[in-house]
Amino acid sequence: MARWITCAVNGSVVGRDVTPYVAITPAEIAADACAAARAGAAVVHCHVRDPATGRSSNDPALYAELVARIREVDADVLVHLSSGGGGTLPVALTTPAIAPADAAAILPPAARIAHLVPSGADLTGLDCGSFSYGTGGDVYLSPTDMLYRIADLLRPTRVLPELTVFDLGQMALAAEMRARGAVPGQTPFCIGFGVIWGAPARPAALAAMLDLLPEGVDWGASSKGEAAHRAIAPLIVERGGGLRTGIEDHPTLDGVPVPNARLVEEAARVMAAQGAAPLTARALRARLGLG
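Residue numbers (our numbering): 160 to 450.
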């Protein structure tokens with residue numbers, strides 16, 4: 160079984176009020192990504208932020224700078240860039256219609272991935288379904304026709320999608336996309352646990368997800384929050400999956416903020432305890448056809 164470690168370096172919302180280690184500027188993100196790679200991550204998943212405000216950004220120039228800085232240091236690590244920007248819609252219960260300003264924040268498929276090819280990304284995540292985001296009024300939009308359109312747009316490029324699922328319905332959709340040939344056969348899956356209103360970090364949820372996972376697919380899993388990660392990470396490895404870790408998902412160990420490299424080292428320890436050795440970036444490139 161192929162297992163590897165992905166480091167979700169910074170995400171789009173974690174701030175310095177949560178951890179002093181979160182990277183904001185392209186230089187900071189690149190340095191942190193390379194440190195995670197040295198610690199054993201084969202994949203680094205990155206978002207860019209507005210350097211002045213620290214808020215999420217879709218600026219292709221920031222993504223290009225980020226990847227160039229990573230490549231100056233590490234030519235092997237697989238760079239996984241977000242394509243989720245422009246998908247979150249706030250819905251107010253007191254407003255019967257969506258305000259124009261809110262609707263304008265939703266990007267069409269081509270705009271969501273406009274930064275991927277110019278920047279030189281290796282991978283991007285396709286979130287396989289829309290869902291309620293958190294406890295407020297936000298809805299993350301990822302409708303089926305958009306997913307197929309993005310998959311079509313990625314087909315002639317060298318950017319490989321990773322199908323990300325947060326519940327059983329999304330797993331069914333991801334499996335259907337693969338069965339229809341909408342994505343390359345070597346496309347990996349990532350199962351997300353612990354996200355509010357998604358699959359809980361419980362053995363039964365993992366078993367149900369794997370029951371729908373297509374045979375022969377390489378997969379890994381993320382866990383939102385330290386408690387969720389500790390609850391299910393060993394079982395993920397035992398069942399044949401890789402681990403996603405990092406400040407975006409759970410910025411602490413034993414309740415204390417730590418750098419990404421330390422989180423990667425802990426993921427490697429969990430794998431070793433299960434008798435598993437994570438793939439190197441070079442080996443993973445070959446396996447995914449990204450050499």
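Glycine included, every Cβ here is placed at the ideal spot set by N, Cα and C.
| Query | Result |
| --- | --- |
| Per DSSP, the bridge partner or partners of residue 412 | 415 |
| Which of helix, strand or coil DSSP assigns to residue 437 | coil |
| Cβ-based burial, residue 260 [other Cβ within 10 Å; buried from 16] | Legend: pLDDT at residue 260 = 49, less than 50; position of this residue unreliable, value from coordinates given subsequently. Exposed: under 16 other Cβ atoms inside 10 Å. |
| Pair within 7 Å by beta-carbon distance, residue 369 and residue 163 | no |
| Closest residue to residue 277 among 296, 247, 317 (Cα-Cα distance) | 317 |
| Backbone CA spacing between residue 445 and residue 270 [nearest angstrom] | 29 Å |
| CB of residue 224 within 7 Å of CB of residue 185, strictly | yes |
| Status (buried if at least 16 other CB within 10 Å, exposed otherwise) for residue 432 | exposed |
| Residue burial classification, residue 160 (beta-carbon count within 10 angstroms, cutoff 16) | exposed |
| Distance, residue 448 Cα to residue 435 Cα | 22 Å |
| Sequence-distant residues of the same chain with beta carbon closer than 6 Å to residue 364, five excluded per side | 358 |
| Limits of the unbroken alpha helix (DSSP H) element including residue 388 | 385-397 |
| Rounded separation between residue 171 and residue 377 - CA only | 26 Å |
| Three-state secondary structure (DSSP) of residue 380 | strand |
| Beta strand (DSSP E) segments (min. 3 residues) lying fully within the stretch 311-343 | 319-324 |
| Cβ neighbour criterion (16 or more within 10 Å) applied to residue 174 | exposed |
| Coarse secondary structure for residue 180, derived from DSSP in three states | coil |
| Range covered by the beta strand (DSSP E) that runs through residue 403 | 401-404 |
| Burial state of residue 264, where buried means 16 or more other Cβ atoms lie within 10 Å | exposed |
| Residue 291, DSSP secondary structure in three states | strand |
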